[in-house]
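Here the structure comes first, spelled out in C-alpha cells, and everything after it is commentary.
Chains as they are written, first to last, in the UniProt record's numbering: chain F, 1 to 502; chain L, 1 to 520.
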C-alpha cells in the first residue's frame, strides 16, 4: 500500500475551497430490532440475538418497530426537519453475506424527516449552519470478521465469519446537504457537526451514542474546487470514521490528498476511502459511481408509515432541552467564565463534568479535574477524554480525599494514574501505593525545624510579615517528606512556630 | 374399519367429516388413516398423482389421536374443540412447517426444515387439524402446470397425462383425488383458482391481507395470498375462517376480520343480486366448452333470481403484461436470500477461487430451475436503473387502472363472473417450452391479484369437447369475500342438482387407473 501524496493543509487551503457532506448513521437503542422482535443488544455472543426474520429465513416478513419510528421522528424534530405525512420503505438490492436477505430495507425516496438544519458552534463561538437534507430509517447489516489475513482486513483474508446480532438493528441515517464555505475550518466544523449530532441523539435518549461501539458512525464526503468556482469537484467518501478526532483528521487528510491529486493534474477518483487511525491516512476502497444500481423499489411487505400530526406534535412537546440551550443553562448554573466554559465545551467534557457534578462534586472541582488532569492525559493517549473510562464516582472520591486532607493534590494525580492503570478504586490505589498524607505533627515539626534552620533569612522575612515567602519553607518540608505532607497543615505549623498570625 | 368405510370416508366433505366426528360416528384417527391409505394407493409410483412431496404420517395420526382422546374424555376441553378438529388437511409446500421439510418445489431448499411455523400452520395446529403432508408445486410457485417442480410434475386425477394446473397443482390434485378433504394453496396470479378449475375443485384467493402471509415463501409480496382448496364451497369457507384474520407478523394483513364466511356459504342466496359478466374475460381465446359451461352458469343464476349485467374492464388487457413485470421484479428481490450462505443448498464452484460471490453464483445456478431463473432475470432487468420507470413504474400505473376498472365494475354489479381459465387441462409437456402460452392460462385470474380483490373458482361442469372440468370464477370487492361464498354456494347447489351429484363423482376411479396404467 503506497502512501498517497499530500499537500500541506495551508497550501491546500490557499488553492482550493473544500465542500463537505456527511452521512451519520445513528444506531437506535430500542429494545428490539427494526423489523423483528429479536433483542437489540450490543456485545452478546455472536448470532444469539437473532430470530428467523433477522436471518432472512424463507417466508418471513418484516414489521416496523414503532419505537424506532418514534425515535426517528424525535431525531428529525431535533434537527429542525419536516416530518413526512406518509413515507415508505424501499429495498436496496445487493448481494453481500452480512445482509441476510441480500437486500437492505431502507427508506429511499421517502425519508421520514427532511429539510432541516443544525447550527454548529465552533471553538471560537462562531455559529455555522449545516443544512440537513434528510434523516431516514433503515436497518443495520451483520458484522463480518475477516480471518487468516492481516489486520482483520478483507484483502488477503482466508475466510470471514458473520455475526447477525447487528443485522436489523434500527438505524437513522442523517444526510447533510453539501456544506460550502467552511474554508480552513472544514476539519473543525466536521468534528463539531458530528459532535453535535451525537450530543443530540444522546440527549434525546434514542441512542447510546457511543462512537467507539459504532452507535454513531460517520461517512465523510470531501471534495475540493478552485476558489471562485461554483461547480463541485469530485468527491471521496471516507467510511466509518468512528471518533470525533478521527472525523477532524480524516477531513483534513482528504483535503490535503485531494489537493495533491488536483495539483498533479489528475482527476480525483470518485470512491470510498477507508480511514486508518494508526497512520491517520485513508486508503482506496471501492470505486463508487452514481450509477451503482441497487434496483430500489418500494418494500411490498410493509405498509407506509403515516405519522399523524397529533403524534408528531405530542413528540415535539416531549423533546428534551436542545443541547445549545442546555449549554447556556449549564454555564449559568456552574458559574464558569466564558473562557472556562468554552474550554470545557471544546475539550468535549461537558457531559462528563455534568455527570461528575451529579455524582457529588462541586462545579469548580469537576472542572479542575477534567480540565486540569484528564484532558491532558487523553491528549497524551490520543483519545477523547470520555474514552479514558474514568467514572464520575472516581473523581468525587478523589476530591473528597483531598478535601479531607488524606492526600494532597499531587498525590491525587498519582492516584488517578493508578486508577487508569487498573490498580483499582482511588482508596485501593492509595492503599497499594502507600500514599497518605503525613498528618502526625511530630515528623512534620522536625522537618520544619530543619527547613527553618536551613533558610534563616527566609524565616526572618516571614517573621517580618512577608508571608508570601513561606513557600520556600513549605517546599523544603515537602521535599523532606517526599511530598507526603499536607501542605496546608505545614503552613499552619510554620506560622505557629514563628509566632506569626496569618 | 372396512375397506368400504374407508372409501366412503375419503369422499366426504370436510363439513360432513366434522359432523361425523362431532357425533362420534367416526374417529379422527380413522379419518386421517383413510386419507393416508388413499395417498399410499394413488399418489406414488410412475403413474401416481404425485400430489405430495412429503407425507406426514406420524404427526398427522398423533394429532388425530389427540383429538379422539379429548373427545373421549369429554368435558370442557371436548366442547372447546374446533369444529374442524380431526379433519385432515394438506399444505402447499411453499408454506413453512416445523417438523416437515419445506422445499418450495426447489432443489435449492431440498432437505431444509423450517425452524418456525407459518401463521396459517399455527392456526391449523390450534384447530387440531392433522396435517397430512406437503403438496407439490411449480418451483417457488412459478408456473401454471406444476411441471416446473424440481420433484416431478403432479398429474391431473381426471386424466393422468394432463396437468393439474399450477402452481398449486399438488393441493388441487390431492383434493380432487380424495387424498385430502382440504388443502392450503397460495395464489399470486391464479395459483389456487386455475388448478381448482382444471381439477374440478373449489379454490379461493381471499382479499389481499385477509390471510396472513407470514411463513408463505414469497414470490411476489404484493400479490401473494394464502387461501383454501376444497371440494365444496362451504368447506373453503370453513377453512378460510380458520386461517384468516389479522396477524401482527404481517403488516399487510387486514386489521379486521372479514365477517362470517361460513354463514354466507350456508345461507347462499342470489335473489336480487347483480352479477356482472366481464366483457374482456370471455369469448375470444376461450375454449368453446369453457364458454358453454360459463353461459350455462349464467342461466342458472338468472333463474335463481340474479340480475346479469355486462361490465367492461378495458384495462384488463394490460393486466398480464403488467403482472409479468411486477411479479418478477418482486420475485427477483424475494429470491435473493437463497444464496447458500445460511441454509439450503450450497454448491462450491468447480475451480478456485472459492469467493463468496462465486459460491452464491454456483449455488443459485445449480439450485434454481429455468423458469425461476427466467423470472429473476426479467425482474432484475425491470428494476434496473434507467428501465425502472418504463417497466416497473408503468406496470404499477396499470395496476392502478385495473383497480379503477374494478371499482367501476363493482359500482354496477355486486359480484363479477368469468371463466377461471381459458382452457381445460392441457397435456403434460404441451406448453413447457412456450412460456408465453403457459402465462396465458392466468389471463382471467391475474386481475384479482393486481387489485387485491377476492376470487373464487368452482366447478362449472365438463367441457363438451374433452370431458374435462371447467372452472367458473367469481370476484367480489375487497373485504367482501362473503359475497363469493354466498353466490358460490347457490351456483354449486344448482349445478349439482343438474349433474345429480358432485362433479368429482364423474372423475375416474384412480386406484384402478393408477394401477392399470402402471401396468402398461
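Here a beta-carbon is modelled for each residue, glycine too, at the ideal position from N, C-alpha and C. All values derive from a computational prediction rather than experimental measurement.
Cβ-based burial, residue i [other Cβ within 10 Å; buried from 16]
| i | result |
| --- | --- |
| residue 379(F) | exposed |
| residue 56(F) | buried |
| residue 162(L) | buried |
| residue 354(L) | exposed |
| residue 104(F) | buried |
| residue 159(F) | exposed |
| residue 395(F) | buried |
| residue 161(F) | exposed |
| residue 305(F) | buried |
| residue 85(L) | buried |
| residue 48(F) | exposed |
Min CB distance residue i to chain F below 9 Å
| i | result |
| --- | --- |
| residue 109(L) | yes |
| residue 392(L) | yes |
| residue 183(L) | no |
| residue 53(L) | no |
| residue 149(L) | no |
| residue 201(L) | no |
| residue 137(L) | no |
| residue 360(L) | yes |
| residue 357(L) | yes |
| residue 1(L) | The predicted model places residue 1(L) with a pLDDT of 48, which falls under 50 and marks its position as unreliable; any figure quoted below should be read in that light. With 9 Å as the cut-off, residue 1(L) does not count as an interface residue toward chain F. |
| residue 383(L) | yes |
| residue 213(L) | yes |
| residue 322(L) | no |
| residue 217(L) | yes |
| residue 330(L) | yes |
| residue 233(L) | no |
| residue 523(L) | The structure shown does not extend to residue 523(L), since chain L is modelled only from 1 to 520, so the question has no answer here. |
| residue 115(L) | yes |
| residue 516(L) | Because the pLDDT at residue 516(L) is just 46, under 50, the model does not fix this residue reliably, and the point stays unresolved. |
Residue closest to residue i, alpha-carbon to alpha-carbon, out of the options
| i | options | result |
| --- | --- | --- |
| residue 361(L) | 371(L), 379(L), 375(L), 341(L) | 341(L) |
| residue 11(L) | 64(L), 481(L), 181(L) | 181(L) |
| residue 508(L) | 156(L), 5(L), 112(L) | 156(L) |
| residue 13(L) | 101(L), 179(L), 77(L), 24(L) | 179(L) |
| residue 270(L) | 20(L), 420(L), 307(L), 248(L) | 307(L) |
| residue 157(F) | 146(F), 127(F), 167(F), 317(F) | 146(F) |
| residue 449(L) | 382(L), 294(L), 225(L), 312(L) | 225(L) |
| residue 371(L) | 426(L), 66(L), 439(L) | 439(L) |
| residue 294(F) | 102(F), 414(F), 488(F), 405(F) | 102(F) |
| residue 5(L) | 34(L), 21(L), 24(L), 15(L) | 34(L) |
Residue i at chain L interface by Cβ criterion, 9 Å
| i | result |
| --- | --- |
| residue 293(F) | yes |
| residue 42(F) | no |
| residue 137(F) | no |
| residue 306(F) | no |
| residue 103(F) | yes |
| residue 108(F) | no |
| residue 1(F) | Residue confidence is low: residue 1(F) scores 46 on pLDDT, short of 50, so the model does not pin down where it sits. Its coordinate-derived value is still stated next. False, the Cβ-Cβ gap to chain L never drops below 9 Å. |
| residue 56(F) | yes |
| residue 93(F) | yes |
| residue 221(F) | no |
| residue 161(F) | no |
| residue 45(F) | no |
>> Assess contact between the segment 124-132 of chain F and the segment 170-188 of chain F, defined as three or more Cβ pairs (one per stretch) separated by less than 8 Å. Is contact present?
In response: yes
> In chain order, which alpha helix (DSSP H) runs of at least 4 residues are fully inside the segment 334-364 of chain F?
Replying inline: 338-347, 350-358
>> My parser needs the beta strand (DSSP E) runs of 3 or more residues fully inside the segment 193-261 of chain F; what are they?
In response: 216-226, 236-241
>> My parser needs the beta strand (DSSP E) runs of 3 or more residues fully inside the segment 170-207 of chain L; what are they?
In response: 182-186, 202-205
>> Three or more C-beta pairs under 8 Å: does that hold for the segment 253-268 of chain L against the segment 401-416 of chain L?
In response: no
>> I'd like to know if the segment 17-27 of chain F and the segment 186-196 of chain F are in contact, where contact means that at least 3 CB-CB pairs between them fall below 8 Å.
In response: yes
> Pairing CB atoms from the segment 325-334 of chain L with CB atoms from the segment 373-382 of chain L, are three or more of them under 8 Å?
Replying inline: yes
>> At 3 residues or longer, what runs of the beta strand (DSSP E) sit wholly inside the segment 229-286 of chain L?
In response: 274-278
>> Within 8 Å, do at least three Cβ pairs link the segment 58-77 of chain F to the segment 248-255 of chain F?
In response: no
>> Could you tell me which whole beta strand (DSSP E) segments of length 3 or greater appear in the segment 58-115 of chain L?
In response: 89-92
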